[in-house]
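The structure appears right after this line, and notes come after that.
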Amino acid sequence: MHNASLISNDFMDLVYAGRCDAESMALSNITGKIVLCNAPAEAKSTPSTVALWEAFKHTSGNGAKGLIFAQHTTNLLEGLAGIEHIMPCVLVDFEIAQRIISYGNSAGSPVVKFSPTITVVGDGVLSPRVASFSSRGPSPSFPGILKPDIAAPGVAILAAQGGSYAFKSGTSMAVPHVSAVTALLKSVHPDWTPAMIKSAIVTTASVTDRFGMPIQADAVPRKLADPFDFGGGHMNPDRAVDPGLVYDLDAKEYNKFFNCTIGLVDGCGSYQLNLNLPSIAVPDLKNQVTVWRTVTNVGPMDATYQAVVEAPAGVVVSVEPSVISFTADGSRSTTFRMTFTAKQRVQGGYTFGSLTWFDQSSHSVRIPIAVRTVIQDFIADTS
Numbered sequence: 001m002h003n004a005s006l007i008s009n010d011f012m013d014l015v016y017a018g019r020c021d022a023e024s025m026a027l028s029n030i031t032g033k034i035v036l037c038n039a040p041a042e043a044k045s046t047p048s049t050v051a052l053w054e055a056f057k058h059t060s061g062n063g064a065k066g067l068i069f070a071q072h073t074t075n076l077l078e079g080l081a082g083i084e085h086i087m088p089c090v091l092v093d094f095e096i097a098q099r100i101i102s103y104g105n106s107a108g109s110p111v112v113k114f115s116p117t118i119t120v121v122g123d124g125v126l127s128p129r130v131a132s133f134s135s136r137g138p139s140p141s142f143p144g145i146l147k148p149d150i151a152a153p154g155v156a157i158l159a160a161q162g163g164s165y166a167f168k169s170g171t172s173m174a175v176p177h178v179s180a181v182t183a184l185l186k187s188v189h190p191d192w193t194p195a196m197i198k199s200a201i202v203t204t205a206s207v208t209d210r211f212g213m214p215i216q217a218d219a220v221p222r223k224l225a226d227p228f229d230f231g232g233g234h235m236n237p238d239r240a241v242d243p244g245l246v247y248d249l250d251a252k253e254y255n256k257f258f259n260c261t262i263g264l265v266d267g268c269g270s271y272q273l274n275l276n277l278p279s280i281a282v283p284d285l286k287n288q289v290t291v292w293r294t295v296t297n298v299g300p301m302d303a304t305y306q307a308v309v310e311a312p313a314g315v316v317v318s319v320e321p322s323v324i325s326f327t328a329d330g331s332r333s334t335t336f337r338m339t340f341t342a343k344q345r346v347q348g349g350y351t352f353g354s355l356t357w358f359d360q361s362s363h364s365v366r367i368p369i370a371v372r373t374v375i376q377d378f379i380a381d382t383s
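Quick note, the sequence shown lines up with residues 1 to 383 if you use the UniProt record's numbering.
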């Protein structure tokens with residue numbers, strides 16, 4: 001419930017008004033009543049924020065005293081800011097809405113009472129999870145580069161606003177978290193390049209929550225998050241300070257990439273695949289593709305790492321060499337190749353996996369992988 005002070009403790013009549021559009025309002029007497037708006041069939045085509053405000057406009061304009069709005073689980077609480085001083089509003093998922101509808105059908109005169117909001121903290125909160133409004137991959141312009149890179153806290157963050165504070169959400173809230181971690185890593189490792197810092201953040205990120213369960217992503221409906229939702233995962237500053245291995249990249253390589261973007265260099269597709277990023281995206285696997293990467297040891301001088309692959313569905317993946325070793329008097333960097341082979345000839349969608357380098361101690365260096373099998377270029381699976 002939002003803003004419980006606006007209503008009394010008395011039960012009020014409940015009306016189910018379907019989509020709560022103008023037509024539904026014309027068929028319902030909602031004056032002085034609480035209205036349930038539930039339109040699951042339209043949820044995938046109409047954003048929740050738009051549907052909520054349309055429902056609010058029609059219900060408040062027809063004299064309703066409160067609104068129960070059914071939606072897929074998304075981050076909508078801040079969207080209630082303009083409603084809270086006009087009428088109380090409760091957000092529920094479609095399953096709870098159906099239970100309310102069943103109650104209404106069985107009761108002769110259904111009634112409802114709003115109670116104050118309950119705040120849940122600690123282990124009872126499903127977090128981290130990816131916000132519904134978060135930017136998703138793949139990149140249509142450069143599908144050979146996996147985006148996003150990383151996920152960071154960006155929902156309901158207490159932020160400075162004017163001479164006070166307010167809860168804000170979005171990229172503007174997530175970026176300061178990443179920037180702060182970047183600054184801390186630079187203070188600990190002043191000789192690291194920007195690419196090394198980025199790699200440390202991406203390769204040590206978490207893809208599970210505090211219970212060891214996969215991170216979820218608010219969507220339509222909620223789903224398990226994948227690299228197009230969170231890149232390497234949810235950043236973990238404590239692990240990022242000691243990543244073991246990093247994927248370094250000379251700044252000049254970015255200049256070459258820029259030249260690709262403006263058409264000054266040929267063969268950009270292959271160049272994107274082999275840019276030494278802490279991720280791999282293969283957007284057009286027809287038969288077989290080989291991708292090269294180089295890792296640099298920033299951990300103990302004497303170390304051996306074993307490759308562990310989680311292959312994307314429908315793809316066979318090999319790593320050569322699968323074991324890499326570093327010594328005090330040897331090179332700090334080594335190059336390996338990954339070969340991706342399609343198991344079936346289809347015009348398919350993306351599937352996801354990962355490559356993780358493990359040493360004998362505490363280092364686990366993980367990069368996300370996204371692969372899409374295709375039959376031929378410029379043929380889309382649109383059916």
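Heads up, the beta-carbon is just placed ideally off N, CA and C, and yes, glycines get one too. Just so we're clear, the structure is a prediction, and the values are computed from it rather than from any experiment.
In this structure P312 touches T351 by the C-beta definition: roughly 4 Å separates them, less than 8 Å. Scanning V202, K33 and A159 for the CA closest to the CA of P243 turns up V202. For S28, the three-state secondary structure derived from DSSP is coil. Residue burial is scored here from C-beta neighbours: D377 has fewer than 16 other C-beta atoms within 10 angstroms and is therefore classed as exposed. Using a Cβ distance threshold of 9 Å, T171 and S139 do not count as a contacting pair. N105: member of the alpha helix (DSSP H) spanning F94 to S106, first to last residue.
Between D149 and K198 a beta carbon distance of about 7 Å is seen, short of the 8 Å cut, so the two are scored as contacting.
Within the DSSP secondary-structure output, T294 pairs in a beta bridge with T335.
Partner residues in the beta bridge of S364, as assigned by DSSP, are F358.
Across the set F167, A240, Q272 and T208, the C-alpha of A240 shows the shortest separation from the C-alpha of A180. No Cβ-Cβ contact shorter than 9 Å links L146 with P88.
Minimum Cα-Cα distance from D218 among the listed residues F142, R129, V178 and K286 corresponds to R129. Remark: fewer than three beta-carbon pairs, one from each stretch, lie closer than 8 Å, so the region 299–306 and the region 277–289 are not flagged as touching. For the pair M25 and T46, the CB atoms are not nearer than the 9 Å cut-off.
Nearest in C-alpha terms to A64, of all of E42, K44, C37 and A70, is C37.
Within the model, the alpha-carbon separation for T290 versus F114 is close to 59 Å.
For F326, the uninterrupted beta strand (DSSP E) segment begins and ends at V323 to F326. Per DSSP, the unbroken beta strand (DSSP E) holding E310 starts and ends at A303 to E310. Bridge pairing for P214: T208 [DSSP].
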